[in-house]
Amino acid sequence: MLPIAIGADDAAITLKETLVAYLQQRHIPFTDYTDAIRDSDYPDIAVRVAQAIREAHHQRGILLCGTGIGMSIMANKVPGIRAAQCHDTYSAQRARKSNDAHIITLGARVIGPELAKAIVDAWLIAEFEGGGSTIKVAKIGNYEQIFSEKYRGELRINASTHR
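First residue of the sequence shown? That's 1 in UniProt numbering, and the numbers climb one at a time after it.
Below is the structure:
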């Protein structure tokens, strides 16, 4: 089993440290992509984790921020990556079983440490079921490719002008 990739922004350092200790306790290998200086924005951390999965250094990843929303949005921008925000065990399980999610994202301001551990457990033990979901997951990839090609080279909004 490849190690789990994990990363957090400043809003989720404490929850990430709890999950790191939990993974260590369960002897689950992991690589922490959180900046040692702890001042990176969530898009930078999400891209590092998603890219590491895309490049097959990891099969799965856990991303944490204040709500889990920003990490999910950013990780899903990396081609081929499926990230799901999960704040309950059922969603985490279904993210893997039905959607073959590579990454779960958690909100440190939304859930507590015990629920976070239960969510991680539910997601880690779940496996993609295939069946009818195989076609749906393939469609996600197909649409991703279609729209990537369609909008390639289009001007993006300059974030510095929107502050």
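Glycine included, every Cβ here is placed at the ideal spot set by N, Cα and C.
Range covered by the alpha helix (DSSP H) that runs through residue i
| i | result |
| --- | --- |
| G70 | I69 to A75 |
| A5 | Unbroken run through A5 is the beta strand (DSSP E), I4 to A8; no alpha helix (DSSP H). |
| residue 165 | It is not possible to answer for residue 165, since the shown part of the chain is limited to 1 through 163. |
| I125 | P113 to I125 |
| A21 | I13 to Q25 |
Residue i, DSSP secondary structure in three states
| i | result |
| --- | --- |
| F147 | helix |
| D44 | helix |
| residue 196 | Within the shown structure, residues of the chain are numbered from 1 to 163, placing residue 196 beyond reach of any answer. |
| residue 189 | The requested residue 189 does not occur in the structure, where the chain is confined to residues 1 to 163. |
| L107 | The sequence given here has Gly at residue 107, not Leu. In this structure, G107 counts as strand in the three-state DSSP scheme. |
| A50 | helix |
| G132 | helix |
The beta strand (DSSP E) enclosing residue i, as first and last residue numbers
| i | result |
| --- | --- |
| D32 | F30 to D32 |
| A84 | A83 to Q85 |
Exposure label - residue i; buried when at least 16 CB within 10 Å
| i | result |
| --- | --- |
| M71 | buried |
| Y90 | exposed |
| R94 | buried |
| D88 | exposed |
| M1 | exposed |
| D9 | buried |
| K136 | exposed |
| G61 | buried |
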